[in-house]
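Peer 1: Chains as they are written, first to last, in the numbering used here: chain P, 7 to 352; chain D, 7 to 352. Glycine included, each C-beta is placed from N, C-alpha and C at the ideal position.
Number of protein chains: 2
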Amino acid sequence: MRDPIRVLILGTGQMGSGVARLVLEKQGIELVGAFARRAGRDGLDIGPAIGLDQELGRKISTDLQSVIERTQPEIAIQTTCSTVEDAMDEIRTLACNRVNVISIAEEMAYPSYRSPRAAIELQRLAADNGVSIIGTGINPGFVLDTLIVTLTGVCTDIESISARRVNDLSGYGPSVLKSQGVGLSREAFIESVENGTVVGHIGFPESICLIAQALGWDIDAVEESRQPLVSRVRRQTPFVTVEPGQVAGCLHKAVAHRGGVAVITFEHPQQVLPELEDTETGDTIEIKGKPDIRFTGTPELPGDTGTIAIAVNVIPRVLSARPGLHTMLDLPVTAAMLGDARDFIR
Amino acid sequence: MRDPIRVLILGTGQMGSGVARLVLEKQGIELVGAFARRAGRDGLDIGPAIGLDQELGRKISTDLQSVIERTQPEIAIQTTCSTVEDAMDEIRTLACNRVNVISIAEEMAYPSYRSPRAAIELQRLAADNGVSIIGTGINPGFVLDTLIVTLTGVCTDIESISARRVNDLSGYGPSVLKSQGVGLSREAFIESVENGTVVGHIGFPESICLIAQALGWDIDAVEESRQPLVSRVRRQTPFVTVEPGQVAGCLHKAVAHRGGVAVITFEHPQQVLPELEDTETGDTIEIKGKPDIRFTGTPELPGDTGTIAIAVNVIPRVLSARPGLHTMLDLPVTAAMLGDARDFIR
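#1: Give me the chain D residues within the contact set of leucine 100 of chain P, using Cβ-Cβ distance strictly less than 9 Å, ordered along the chain.
#2: Alpha carbon to alpha carbon, what distance is there between asparagine 319 of chain D and lysine 32 of chain D?
#3: Pull up the DSSP beta-bridge partners for cysteine 87 of chain D, would you.
#4: Given a limit of 7 Å on CB to CB distance, which residues of the segment 298–314 of chain D reach chain P?
#5: Around the Cβ of glutamine 186 of chain D, are there at least 16 other Cβ atoms within 10 angstroms (buried) or fewer (exposed)?
#6: Taking three-plus beta-carbon pairs below 8 Å as touching, is the segment 298–311 of chain P in contact with the segment 322–331 of chain P?
#7: Which residue marks the beginning of the beta strand (DSSP E) containing serine 166 of chain D, and which one marks its end?
#8: Work out the CA separation of valine 267 of chain P and glutamate 212 of chain P for me, nearest whole Å.
#9: I want to verify the contact list: residues of chain P whose CB lies under 7 Å from the CB of lysine 296 of chain D, in sequence order.
#10: Give me the Cα-Cα distance between leucine 200 of chain P and proline 79 of chain P, rounded to the nearest whole angstrom.
#11: In chain D, what lies closer than 7 Å to glutamine 161 of chain P by C-beta?
#12: How many angstroms separate the CA atom of glutamate 281 of chain D from the CA atom of valine 172 of chain D?
#13: Identify whether asparagine 106 of chain D lies in helix, strand or coil by the three-state DSSP scheme.
#14: To the nearest angstrom, report how far apart alanine 315 of chain P and aspartate 289 of chain P are at their CA atoms.
#15: For chain D, check one thing: does any of its Cβ atoms lie closer than 7 Å to the Cβ of glycine 22 of chain P?
#16: For threonine 271 of chain P, which three-state DSSP category applies?
#17: Along the alpha helix (DSSP H) that carries aspartate 134 of chain P, what are the first and last residues, could you check?
#18: Mapping DSSP to helix, strand and coil, what is phenylalanine 148 of chain D?
#19: Please confirm whether threonine 156 of chain D has its beta-carbon closer than 7 Å to some beta-carbon of chain P.
#20: What does the alpha-carbon distance come out to for the pair proline 117 of chain D and isoleucine 351 of chain P?
#21: Nearest CA to the CA of threonine 271 of chain D: which residue from D:Val278, D:Thr287, D:Lys294?
#22: For chain D, check one thing: does any of its Cβ atoms lie closer than 7 Å to the Cβ of aspartate 349 of chain P?
#23: Counting only beta-carbon separations shorter than 7 Å, does valine 339 of chain D have a partner in chain P?
#24: How many angstroms separate the CA atom of arginine 264 of chain P from the CA atom of serine 166 of chain P?
#25: If contacts are defined as beta-carbon pairs under 8 Å, then serine 121 of chain P and valine 90 of chain P qualify, I think. What distance do you get, rounded to the angstrom?
#26: Give me the Cα-Cα distance between glutamate 193 of chain P and proline 234 of chain P, rounded to the nearest whole angstrom.
#27: Under a three-way DSSP split, which group does glycine 312 of chain P fall into?
#28: What are the partner residues of glycine 295 of chain D, as DSSP defines its beta bridges?
#29: Below 9 Å on C-beta distance, what does threonine 152 of chain D contact in chain P?
#30: Would you please state the rounded distance, in angstroms, between the beta carbons of isoleucine 139 of chain P and isoleucine 97 of chain P? I believe it to be under 8 Å.
#31: With DSSP as the reference, label proline 211 of chain P as helix, strand or coil.
#32: Nearest by alpha-carbon distance to aspartate 59 of chain D: which of D:Lys184, D:Val261, D:Val236, D:Arg27 is it?
#33: When we look at the beta-carbon of aspartate 174 of chain P and count the other beta-carbons within 10 Å, is it buried (16 or more) or exposed?
#34: Contact criterion: CB-CB distance below 7 Å. Does glycine 179 of chain D meet it with respect to chain P?
#35: Grab the span of the beta strand (DSSP E) containing glutamate 230 of chain D for me, first residue to last.
#36: Mind checking methionine 94 of chain D: buried by the 16 CB within 10 Å criterion, or exposed?
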């Protein structure tokens, strides 16, 4: 049997730490190193840095080129950023050293939407260096694209698709809460949407592009809106207290039009403690077509665990793929990897 | 752009006719011929034979070799049978003439389970002739395998999987109703299970093998049971009347064990008019793991339309694949093919 798969993790925050811990649990796969952007992480032992009780004897590096040379990874999981622009430098360094890349940067799920020139460069980097590059995650990457497209496989025709993802932000810290406007007044929320500090969900256009490409639809335009979810009750988490009349979260919507008709409609209300106003969390997908399809999952597929899982489960798919820039819909379906990781490479 | 994809249909019964009509509706794809097993179909015009108002000017043939030579298909969709054994002769003829094969024979979803030697031959036929061969359908092929495996992709670990598919047989004719024991007494049902005339669902072991292979699980044994669904009310369809106390259908269950523990449990009650006893149709998938997942679709994904759709939607995936015997989990996810079929070939 081949040697264990050598994995490098980029980023040791909440997601990177989760990915690293999962890699350590799996068989046939080895965590050979960790890169961090923050200077303060340099030289720390990886173990405690990712939340383990014991040291691993391997240190975090803030110099990507040198950690690649030292640890010789065959694949890297990038958890350092959200945008393609911000992801490019690291991916360039990885690919040029013949390291395959899995990125959980949201925009990397379909990089050509916001960064068409970067997508061309990514394709060339992958081909020139014989590696595969893919963006994944729970959303974009799964709930509002891969799962929907999978369901369309049993349709002979489709008129429209709508989906709604209701989640609970109670487990998240200040930066996520701020990005959804939690705790703001209604006025401050509207201002923050305008100045870009309240962003809502990153990934609607990427999911829409994935669906449209899979079905063969040309999309004319994508409209997005972000509205405040004003609480009628007091909602308290370890990180925020929302008084009645304040904003508990952001209702982010996106509508994609084709020939002037709305064909894909997404709603993603993100808030703290939705159950306090009798709102159940969950994922609902409705396809209007032949046949009509309605699937509902309750509670919602969890964002953090789900992203960590799919980023690791996709490793053998990426190593089995032809070199290139891929989306989740280019590769065979990603399954939970419950045995030795090497057995999943085809 | 390349010429339209040339498709041959095998079988002109309910499923074959549905597939043929859908092929005729799609762009970039051409129905070049039809083969039927029944001598009485020979020479009939395909149009009326598949339920169209007008003739197509192409005739059904009962000689497979000659219809292949005459029509030069690049892919065939086989709807003539349920077992690998029964499918082999036709697939052999197709592959030897370099025709790719999509089969909706239930056992073809994972042929090596019941016919390991045939599966080896299929692999060799595909490789030697440079074609791809795949089994698909709504179930096996989708609801209880592909869809479940897709959901596992966001899991870091899985303890067990259970799924329940509740459907309504009211639209089906005598042969399907007989295979589920509809209209029998309880005693006659039990006898018919023993003598093999009541078979229940064909495909549980195939779906279990697909899941097990995808996850890396070794399954020790699969147990199946078939119980009568005895009606408390009168249920009447165009083809059968079930009096109270008679059998309205078959509750077919399968349990797969791993290390002595039940890890996959399927229940598939098939009956006429379940709503008369307040039973809602639908598909439910439950995964016990990290995280727990519960997805429910209501009503159930329809068996006939769904199988017809996926058999046609998978065409470009098969034509894009490396030659070989494939399962639905080897290829990129099959999406509804809403544009020109040729644009979906990669």
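Peer 2: Taking the definition as stated:
#1: Here the premise fails: no neighbours, minimum Cβ distance about 23 Å.
#2: Between lysine 32 of chain D and asparagine 319 of chain D, the C-alpha separation is close to 10 Å.
#3: According to DSSP, cysteine 87 of chain D bridges with nothing at all.
#4: For the segment 298–314 of chain D, which is checked against every Cβ of chain P, the residues closer than 7 Å are Ile299, Arg300, Phe301, Thr302, Gly303, Thr304, Leu307, Pro308, Thr311, Gly312, Ile314.
#5: The residue is buried, with at least 16 neighbouring Cβ atoms inside 10 Å.
#6: The segment 298–311 of chain P and the segment 322–331 of chain P do not touch, with fewer than 3 CB-CB distances between them shorter than 8 Å.
#7: The continuous beta strand (DSSP E) containing serine 166 of chain D extends over residues 163–174.
#8: C-alpha separation (whole angstroms): 19 Å.
#9: Under the 7 Å cutoff, chain P gives Thr311.
#10: The sequence shown places glutamate at residue 200 of chain P, rather than the leucine named in the question. Distance between the alpha carbons of glutamate 200 of chain P and proline 79 of chain P: 42 Å.
#11: According to the sequence shown, residue 161 of chain P is cysteine rather than glutamine. Correct list: Ala315, Ala342.
#12: Cα-Cα distance, rounded: 11 Å.
#13: Asparagine 106 of chain D sits in a strand when the DSSP states are folded into three classes.
#14: In a straight line, the C-alpha of alanine 315 of chain P is about 18 Å away from that of aspartate 289 of chain P.
#15: Not one chain D Cβ lies under 7 Å of glycine 22 of chain P.
#16: Three-state result, threonine 271 of chain P: strand.
#17: 122–135 is the span of the alpha helix (DSSP H), which, as asked, contains aspartate 134 of chain P.
#18: DSSP places phenylalanine 148 of chain D in coil when its eight states are reduced to three.
#19: Chain P places a beta carbon closer than 7 Å to that of threonine 156 of chain D, counting this residue as a contact.
#20: Going from the Cα of proline 117 of chain D to the Cα of isoleucine 351 of chain P covers about 21 Å.
#21: Comparing Cα-Cα distances from threonine 271 of chain D to each of D:Val278, D:Thr287, D:Lys294, the minimum goes to D:Lys294.
#22: So, interface residue.
#23: Interface annotation, valine 339 of chain D: in contact with chain P, CB-CB separation under 7 Å.
#24: C-alpha separation (whole angstroms): 10 Å.
#25: Separation of the CB atoms of serine 121 of chain P and valine 90 of chain P is rounded to 4 Å, and the pair is thereby assigned contact status at 8 Å.
#26: Take the alpha-carbon of glutamate 193 of chain P and the one of proline 234 of chain P: they are about 9 Å apart.
#27: Looking at glycine 312 of chain P - three-state DSSP - the assignment turns out to be helix.
#28: Checking the DSSP bridge columns, you'll see glycine 295 of chain D partnered with D:Ile164.
#29: One finds Thr156, Gly159, Val339 in chain P with Cβ atoms closer than 9 Å to the Cβ of threonine 152 of chain D, taken in chain order.
#30: A Cβ-Cβ distance of about 6 Å is found for the pair isoleucine 139 of chain P and isoleucine 97 of chain P, placing them in contact under the 8 Å criterion.
#31: Correct three-state label for proline 211 of chain P: helix.
#32: Of the candidates D:Lys184, D:Val261, D:Val236, D:Arg27, the one whose C-alpha sits nearest the C-alpha of aspartate 59 of chain D is D:Arg27.
#33: Answer is buried; the Cβ neighbour count reaches 16.
#34: No, glycine 179 of chain D lies away from the interface with chain P (no Cβ there is under 7 Å from its Cβ).
#35: Going by DSSP, glutamate 230 of chain D is part of the beta strand (DSSP E) stretching over 227–236.
#36: Residue burial annotation: methionine 94 of chain D is buried, with at least 16 other C-beta atoms found within 10 angstroms of its C-beta.
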